[in-house]
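Worksheet: the structure to be examined is printed underneath.
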Amino acid sequence: MSDFTSNFWSIYVTVITIVSILACLLLLWFSGKAKAMTAEDNTTGHVWDGDLREMNNPLPRWWAYLFVITVIFAFVYLALYPGLGTYKGTLGWTSLGQHEKEVDKGNAEVAPLYAKFEAMTPEELIKDTQAMAIGDRLFMNNCAQCHASDARGTKGIPNLTDGDWLHGGTPELIKTTLTQGRMGNMPPMAAAVGSSSDVKNLAQYVLSLSGSPHDSVQAALGKEKFVACAACHGANGKGNQALGAPNLTDDIWLHGYGEAAIISMINNGKVNQMPAQAEKLTEGQIHVLTSYVLSLSNKGVSAQ
Amino acid sequence: MVSLYAARKDIYPRSVSGFFSRWRWAMVILTQLVFYGLPWLEWGQRQAVLFDLGDRRFYIFGLVLYPQDFIYLTGLLVISALGLFLFTAVAGRLWCGYTCPQTVYTEMFLWIEKQMEGDRSARMRRDGQLWSMDKFLRKGGKHVAWLLLAMWTGFTFVGYFTPIKELGLAFVQLNMGSWEIFWSIFYGFATYGNAGFMREQVCLHMCPYARFQSAMFDKDTLIVTYDAERGEPRGARSRKTDPATLNLGACIDCTLCVQVCPTGIDIRDGLQYECIGCGACADVCDTVMDKMGYARGLVKYSTENAMNQHWTKSQTLRHVLRPRILIYTSILLGVVVAMVVSLALRTPFKVDVVRDRGVMARVVGKGDIENLYRLQLMNATESMQTYKISTTGLPGLTLTTPDTVEVASTESHWVTVRLVAPFGSAEPGSHVIYFDVEAIGTTDKVSEKSSFIVPR
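Structure representation (structure tokens):
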């Protein structure tokens, strides 16, 4: 990976840096050699405006040595660390490397704590206030961006505090969801359903499944079109957690409520994704998070 | 030939006693009683003054400050700066001569040096001699005493940031944390180096104050000054002879004023930037004048105007109250009063409102609009507090999460708050709302502005 598009700038920076450091040394050497005009009265001999004279108040010699030490320090530093263009330094330090080191150090510090948690079942962890406090922080830092601070989600993002699960709510399945992520895919079904009035009738039937207000005549007409949906949502619309197909008979409307929203789903389909966390979080963290998410739906109320 | 870099000339300040010297020692004792003593005071169950960097809580007696109270540190720095301007305009480098840590620790180290090695002449003689057992023991003893004092200073410094009694215990058990060890040694070593070796070089070459002090002086500023008119021509004479017959001034050229000077200057050359205004030369000259039977005050605190125009003491003092001084004083008083009042009226808790990071607004139930917030409640008292949250700003706006929150003593707590506005109660767009938080059982109340968003 190169910070510069061409080698020229790397050389440019290197040369300027080294020349500047050497120039400092040169300046120090020349100023030490400087001879002023006169000096019987401890002035430099310069006179301005007739009577303004400059006192000579020399710096202590150790001060000059300090400058030399800083120059030596600069060269040692530039040899060890990156600073000269694209030169990496003999220590091979990078900010990314340092970050990873600190993360590893942090993980190592809390490892005993997570080892204790991993030996516990999710049901036990829910009763452990320390584990739940950690779970809360993990949730706020990693999940709340989408699922919201109170875990109730929003349009397109599932509410985690109700008892409804797209992919299943057992600890094992929640853990799989967290580790591997999920891909929700509702294909566009308009072609399979038929004309736009068929789609409209089908939408009314879907509304009727959950007992929502609907036109019963249109719903009756739409019922036979539901065979196109039954492959995933089941003949009676109860959904299928193995496929991530939502239950259409409850009053939970992940992608919007009402005829228009349903028609849009039938016509356009939807691809929805829960990103995998295995890269970001350790197994212990996922274990604690699983229990925390479980506790949210168990309580059925918001997390504080 | 002028050199830009000079080897340091050793300075052996002669010890001195007198009016200004007593003041200096009084200030040394006062400042160090505070510095060494303060961390040992208790307040309730904790150290009275503790800057807990780890937990980001700063305890000053009854006061618990959060990092959010940084403005008070700013106020303190403004007061310090204005105080420095005021004192400098009145009487020059009062700070330097009497209370600056560099002066104070140098004074203490010099005292130890004098106990171990004797006064100026003895020290100079010994430094000229070859090493002997006596010289080794005296010098060694001095450094041991210096190092002990320096280490105690470093330990005390860390004691402001780590409870000092626990720190003492950890020290005895050789169990101090690495940062505590580092800062004890670093601060201790800095004390040892600055007060033992660097001394006047810090004032001359490193301290920025020395460089701009002249900008704060005027012709009515009190400075340590030599009365050249009275003193010159200087020269040695017998105590019995009348200087007038010898055509001599009052200065007997004993050079004691040069010998006592901690920065090694000759005050008779006039005001110099090296002068830290400690008054040692005035003290020693007065003792000489007493011995000679002359009037005191050949070297004294006076002003340029007073010297030139031969003012009496009361005339000089009258010029202290000039516009510049009155302006500094009134601004200083203003800032002090503002600081004290705002500290006294301060609400002992804080509220931060942060809109949810993920959700702008969502529709719930039958078209009601819900907004999410996270409130950080910071309890700046030392007891458990219960806070009641309410909201105003939109008709029908209600809180659907618990409206009371308990926060432990000096803790801060995040709480998720859900607000619901009934369907159709507000136009689409952003509306200004307020969170009103009150500590139950007190009259303290905080109102924080936020926004409620109604989607289209």
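In order, the protein sequences belong to chains A and B. Taken in order, the first sequence gives residues 3 to 306; the numbers are from the numbering used here. Taken in order, the second sequence gives residues 16 to 471; the numbers are from the numbering used here. Just so it is clear, CB atoms sit at the ideal spot from N, CA and C, and this is done for glycine as well.
Interface criterion not met: the Cβ of Q400(B) is under 7 Å from no Cβ in chain A. A Cβ of chain B is located within less than 7 Å of the beta carbon of L61(A). Only residues of its own chain outside the window of five on either side were considered, and among them C234, H235 and G241 have a CB closer than 7 Å to the CB of A247(A), listed in chain order. One thing to note: L162(A) has its Cβ no nearer than 7 Å to the Cβ of V78(A). For the pair of segments examined, the stretch 87-100 of chain B was found not to touch the stretch 393-407 of chain B: the number of CB pairs separated by less than 8 Å stays below three. Of the residues T302(B), K150(B), V93(B) and W40(B), the one whose Cα lies closest to the Cα of G112(B) is W40(B). Shown in chain order are the members of the stretch 154-182 of chain A whose Cβ falls below 7 Å from a Cβ of chain B: T156 and K157. Annotation: F151(B) to Q144(B) spans about 11 Å, alpha carbon to alpha carbon.
Around M123(B), the same chain offers V43, Q47, L164 and A210 as residues with beta carbons nearer than 8 Å, after the five sequence neighbours per side are excluded. Counting C-beta atoms within 10 angstroms of its own C-beta, N386(B) has 16 or more neighbours from the protein chains shown and is therefore classed as buried. In this structure F364(B) does not touch L412(B) by the C-beta definition: roughly 23 Å separates them, more than the 8 Å allowed. Per the coordinates, the alpha-carbon of G52(A) lies some 57 Å from the alpha-carbon of K90(A). Using a 10 angstroms sphere on the CB of I448(B), the tally of other CB atoms reaches 16 or more, which defines it as buried. Take the alpha-carbon of L125(B) and the one of G456(B): they are about 57 Å apart.
Under DSSP, the beta-bridge partners assigned to W50(A) are L54(A).
When CB distances to chain A are screened at a threshold of 7 Å, the residues of the stretch 211-242 of chain B falling below it are Q216 and H220, in chain order. When DSSP states are grouped into helix, strand and coil, K180(B) belongs to the helix group.
In summary, K315(B) is buried, with 16 or more beta-carbon neighbours lying within 10 Å of its beta-carbon over all protein chains present. Counting only residues of its own chain and dropping the five nearest sequence neighbours on each side, N203(A) has a CB closer than 8 Å to the CB of Q220, A221, L223, G224 and K227. Listed by position along chain B, the residues whose Cβ is nearer than 7 Å to that of A150(A) are D371, G373, V374 and L387. Apart from the 5 residues on each side of it in sequence, N274(A) sits with its Cβ closer than 6 Å to the Cβ of G186 in its chain, given in chain order. Leaving aside the five residues that flank R249(B) on each side, the residues in its chain whose CB is nearer than 8 Å to its CB run, in chain order, L263, G264, C266, I267, D268 and R283. Under the three-pair Cβ rule at 8 Å, the stretch 55-66 of chain B counts as touching the stretch 170-184 of chain B. Residues of the stretch 431-457 of chain B with a C-beta atom less than 8 Å from some C-beta of chain A are T431 and R433, listed in chain order. In this structure G137(A) touches L291(A) by the C-beta definition: roughly 6 Å separates them, less than 8 Å. Proximity of R23(B) to chain A, defined by a Cβ-Cβ separation below 7 Å, is satisfied. Think of a sphere of 9 Å around the beta carbon of Q132(A): no beta carbon from chain B falls inside it, the nearest being about 16 Å out.
DSSP places S22(A) outside any beta strand (DSSP E); the residue lies instead in the alpha helix (DSSP H), whose first and last residues are N9 to K35. Boundaries around Q130(B) are those of the alpha helix (DSSP H), P116 to E132, since no beta strand (DSSP E) includes it. Non-local beta-carbon contacts of L109(B) in its own chain, meaning distances under 8 Å to residues more than five positions away in sequence, involve F102, T103 and G292 in chain order. Bounds of the beta strand (DSSP E) holding K464(B) are K460 to V469. For N270(A), the closest C-alpha among the options L29(A), A194(A) and H289(A) is that of A194(A). Residue contact check for A66(A) against chain B: a CB pair falls below 7 Å. Cβ-Cβ distances below 6 Å link S36(B) to D298 in the same chain, with the five nearest sequence neighbours on each side left out; the list follows chain order. S299(A) is positioned such that its CB atom lies closer than 7 Å to that of G165(A). Membership of D149(B) in the alpha helix (DSSP H) is indicated by the continuous run M148 to V173.
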